[in-house]
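At position 11 of the sequence shown the residue is numbered 11 (UniProt numbering), and the sequence of numbers has no breaks.
Every residue gets a Cβ at the ideal spot worked out from N, C-alpha and C, and that includes glycine.
Right, one structure below, let's go through it.
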Amino acid sequence: MTSSPTDKDGVPALTSPHSDVRVWRLISLSTILTVIALCLIIIFHWLGFGLVLACAVVAIVIARTSTFSAEQEQVRQSIELSAADITAVLDQWEAFQNGTSAEAVTDRSTHSVLLDESHQENPIISRFHKARVSSELFIDDLEGVVTHARTIHMLEHILSATDEMARELQEAWVEARQYASQVDSPVVRLPENQKRTSPSTYGWTPGASSYRSSFPRNAGA
Numbered sequence: 001m002t003s004s005p006t007d008k009d010g011v012p013a014l015t016s017p018h019s020d021v022r023v024w025r026l027i028s029l030s031t032i033l034t035v036i037a038l039c040l041i042i043i044f045h046w047l048g049f050g051l052v053l054a055c056a057v058v059a060i061v062i063a064r065t066s067t068f069s070a071e072q073e074q075v076r077q078s079i080e081l082s083a084a085d086i087t088a089v090l091d092q093w094e095a096f097q098n099g100t101s102a103e104a105v106t107d108r109s110t111h112s113v114l115l116d117e118s119h120q121e122n123p124i125i126s127r128f129h130k131a132r133v134s135s136e137l138f139i140d141d142l143e144g145v146v147t148h149a150r151t152i153h154m155l156e157h158i159l160s161a162t163d164e165m166a167r168e169l170q171e172a173w174v175e176a177r178q179y180a181s182q183v184d185s186p187v188v189r190l191p192e193n194q195k196r197t198s199p200s201t202y203g204w205t206p207g208a209s210s211y212r213s214s215f216p217r218n219a220g221a
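Structural data, given as structure tokens:
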């Protein structure tokens with residue numbers, strides 16, 4: 001039969017070595033759990049901060065991308081409007097050359113100097129035909145150049161070139177018609193007797209691509 005541990009006065013001891021071990025184990029376990037809990041709190045705190053920061057960055061990128069896309073679309077639409085101005089003059093020229101209506105025939109009779117090769121050296125007539133040929137080639141390349149433009153700056157440069165081309169062609173067309181209406185010329189050409197004049201007649205050399213200098217070099221082929 002074993003006796004309970006007693007103190008120096010013979011009174012039974014209230015604690016034992018085994019209970020001390022259990023207490024220290026509980027304290028150690030509590031400390032470890034507390035440290036783990038604090039670490040988790042810190043980790044989740046920073047994870048939450050990082051998540052919020054990441055969401056903010058994504059939102060900013062999306063907003064900037066949307067704004068950039070909207071600006072691009074506005075500039076592209078402006079380019080299309082300027083290109084339409086160029087095409088309108090080219091269509092007028094085509095109708096003037098090949099129209100079969102009585103109005104078209106009368107117009108050719110009134111402005112026949114525009115078709116008279118003997119007047120092609122005139123600065124006013126020559127200016128129109130140079131602008132016309134350049135505009136035709138410009139329009140042929142415009143879609144591809146706009147498609148390959150990757151920045152707002154490049155699109156704005158193309159818009160500026162298109163506006164300038166439209167202005168030059170319109171002014172040259174109006175001036176040439178005014179000049180032609182004031183010159184007495186017996187030459188009247190009907191559509192079936194007309195032939196397309198080579199661009200080189202008006203100072204355009206294929207391959208020189210002077211009009212392409214208006215485009216950004218890396219905006220398209």
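Less than 8 Å between C-beta atoms, sequence neighbours within five positions excluded: which residues of the same chain meet that for residue i?
i	result
Leu142	Ile79, Ala83, Ile158, Thr162
Gln92	Trp173
Val183	Val113, His119
Pro191	Per-residue confidence for Pro191 stands at a pLDDT of 43, beneath the threshold of 50, marking its modelled position as unreliable; the derived number appears in the next sentence. Same-chain partners within the cutoff: Gln97, Asn98, Gly99, Thr100.
Thr87	Ile139
Between which two residues does the alpha helix (DSSP H) containing residue i stretch?
i	result
Asp107	102-110
Under the assumption that residue i contacts residue j (Cβ atoms under 8 Å), give the Cβ distance between them as a whole number of angstroms.
i	j	result
Arg132	Leu90	7 Å
Ser135	Leu81	Not really, about 15 Å apart at Cβ, beyond 8 Å.
Glu71	Ile152	6 Å
residue 244	Val75	Any property of residue 244 remains undetermined from this structure, which presents the chain solely from 1 to 221.
Arg177	His111	5 Å
Any idea what DSSP makes of residue i, helix, strand or coil?
i	result
Arg150	coil
Arg99	A small correction: the amino acid at residue 99 is Gly; Arg does not occupy that position in the sequence shown. Coil, per DSSP.
Gln178	helix
Val183	coil
residue 232	An answer regarding residue 232 cannot be provided, because it is not within the stretch 1 to 221 covered by the chain.
Thr197	In this prediction, Thr197 scores a pLDDT of 42, lower than 50, which makes its location untrustworthy; the coordinate-derived value is nonetheless stated afterwards. It is coil, neither helix nor strand.
Can you list, in chain order, the residues of its chain with a C-beta nearer than 7 Å to that of residue i? Leave out the 5 residues immediately preceding and following it.
i	result
Ala172	Arg127, Phe128, Ala131
Ala95	Ala104
Ser181	Thr110, His111
Ser69	none
I'd like the list of long-range same chain contacts for residue i, defined as Cβ closer than 6 Å, with 5 residues on each side in sequence excluded.
i	result
Ala102	none
Glu175	Ile124
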